[in-house]
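Here the structure is laid out as structure tokens; the discussion comes afterwards.
Residue numbers (the numbering used here): 7 to 179.
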């Protein structure tokens, strides 16, 4: 829908007619007066942006008394004051040393969201990419200036094209 730009005359019309008027009626009169076809929500939004209200559909204002009958009165004491909690949860709590059923043991392989294989190398939650582990098992730690270029063919198996003199490694995955 096209954005409607309100002219000064239209804004004056809204200011003069919004008080006490129903927005449905105001919308109909506005459309007839200016030959446009705006919706009720557009007129309401325009009035809101200009800081106008009709006194009827204003909604709840900050500090209003809406919902007061449902609030606790001053001095109300809740029924569970002083209790640490309702019993029955103790037997199902995790105990010390308990491991959840979805915990992966060291050596587990899984795929990340991009399809690369990761291997769990230590507890808790220490993972490394398999292609880096293959490099480290053959050549030791990865030097700081080493760059890996992953040329994706299939992400299931890793075949290395390693040139020892080069500082670049092409992994054909």
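Glycine included, C-beta positions come from ideal geometry on N, C-alpha and C. Just so you know, these numbers come straight off a predicted model, no measurement behind them.
In the three-state reduction of the DSSP assignment, residue 125 falls in the strand class, which pools E and B. Inter-residue distance for residue 50 and residue 79 is about 36 Å (C-alpha atoms, whole angstroms). Each residue's CA atom was taken as its position, placing residue 138 and residue 121 some 15 Å apart. No Cβ-Cβ contact shorter than 8 Å links residue 110 with residue 132. Scanning its chain for C-beta atoms nearer than 7 Å, with the 5 sequence neighbours on each side dropped, one finds around residue 52 the residues 12 and 20, in chain order. Beta bridge pairing from DSSP links residue 132 with 128. Its chain contains no residue whose beta carbon lies nearer than 7 Å to that of residue 14 once the 5 sequence neighbours on both sides are disregarded. Of all alpha-carbon atoms in 54, 60, 76 and 55, the one lying nearest the alpha-carbon of residue 28 is that of 60. Per the C-alpha coordinates, the member of 145, 88 and 23 positioned closest to residue 39 is 23. Collapsing the DSSP output to three states places residue 117 in a strand.
Annotation: residue 84 to residue 71 spans about 23 Å, alpha carbon to alpha carbon.
The beta carbon of residue 134 sits closer than 8 Å to those of 124, 125 and 127, all from its chain and outside the five residues before and after it, given in chain order.
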